[in-house]
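Asks: This is the structure I want to talk about, given as structure tokens.
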Amino acid sequence: MTVTSSNDLLKLPGMFKEGKETLARISALLEQERVAITANDLAQLESVIEEKKTVLIQFAHQKAAWSQLISSHALSVEEFFTVLPPQAANMLRPHWDALESQMSRVQDINERNSQIVSTRNRQVSQLVSVLKGHRSSSQLYTDGGSRNNYGAQSRIGKA
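Here it is, written out as structure tokens:
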């Protein structure tokens, strides 16, 4: 490795740490998002989503920077760690593992929020259906899994 690439590699722990800190901010925003969703606080939800977009863009830039550095040495992260000198690999591996762990937690929290939104959406759809006077027995599903109300068509078919 050249002196320039060695100096670049010395930047990676700091880059990984910044990424982990940004993911921690995203995690906190996802928690605020969950609270806003469950409280039906649309103003708070909009605010959190805007802030989350900004932080996600920041994380994308950080990720692009370290990905470019890693890809300049190897085709994959695992290959990167195998081509590094053992001392460098041992120095960088804990930082990378912490970053991956934080990313996994963020994905889990995001999935939880997605499930909450999906459940809420299903509940609202059921409430709207009841308010419209549709019975659940008159609803069929399309090939895509969407619900259709064929109650009117079945009455026409009976005539």
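Residue numbers (the numbering used here): 28 to 186.
Where a beta carbon is used, it is the ideal one built from N, C-alpha and C, also for glycine.
This one's a predicted model, so the numbers in the text were calculated from it and none came from an experiment.
Distance check for Gly-160 and Leu-83, CA to CA, integer angstroms please.
Replies: Taking the straight line joining both Cα atoms gives about 43 Å.
Asks: Measure the alpha-carbon distance for Phe-86 versus Leu-158 and round it to whole angstroms.
Replies: If I take the Cα positions, the gap works out to 44 Å.
Asks: Going by other Cβ atoms of all chains shown within 10 Å of its Cβ, with 16 needed for buried, is Ala-63 buried or exposed?
Replies: The residue is buried, with at least 16 neighbouring Cβ atoms inside 10 Å.
Asks: In or out: Ile-76 buried (at least 16 other Cβ within 10 Å) or exposed?
Replies: With fewer than 16 Cβ atoms within 10 Å of its Cβ, Ile-76 is classed as exposed.
Asks: With a CB to CB cut of under 6 Å and the five nearest residues on each side skipped, what residues in its chain are close to Ala-125?
Replies: Result list for Ala-125: Lys-47, in chain order.
Asks: Can you tell which of Met-118, Gln-59, Gly-41 and Ile-136 has the C-alpha that lies nearest to the C-alpha of Lys-90?
Replies: Cα-wise, what sits closest to Lys-90 is Gly-41.
Asks: Taking all protein chains shown into account, decide if Glu-60 is buried (16 or more other Cβ within 10 angstroms of its Cβ) or exposed.
Replies: Answer is buried; the Cβ neighbour count reaches 16.
Asks: Near Glu-73, which residues of its chain fall below 7 Å by C-beta distance, leaving aside the five closest residues on each side in sequence?
Replies: Cβ within range, chain order: n/a, list empty.
Asks: Please state whether DSSP places Gly-160 in a helix, a strand or coil.
Replies: Gly-160: coil per DSSP, three-state reduction.
Asks: Do Lys-80 and Ile-53 have their beta-carbon atoms positioned less than 8 Å apart in this structure?
Replies: Not in contact: Ile-53 and Lys-80 (Cβ atoms no closer than 8 Å).
Asks: If you reduce the DSSP assignment to three classes, tell me which class Ala-51 lands in.
Replies: Looking at Ala-51 - three-state DSSP - the assignment turns out to be helix.
Asks: Look at Ala-51 and Gln-129 and say whether their C-beta atoms are less than 8 Å apart.
Replies: Result yes, Cβ atoms of Ala-51 and Gln-129 sit closer than 8 Å.
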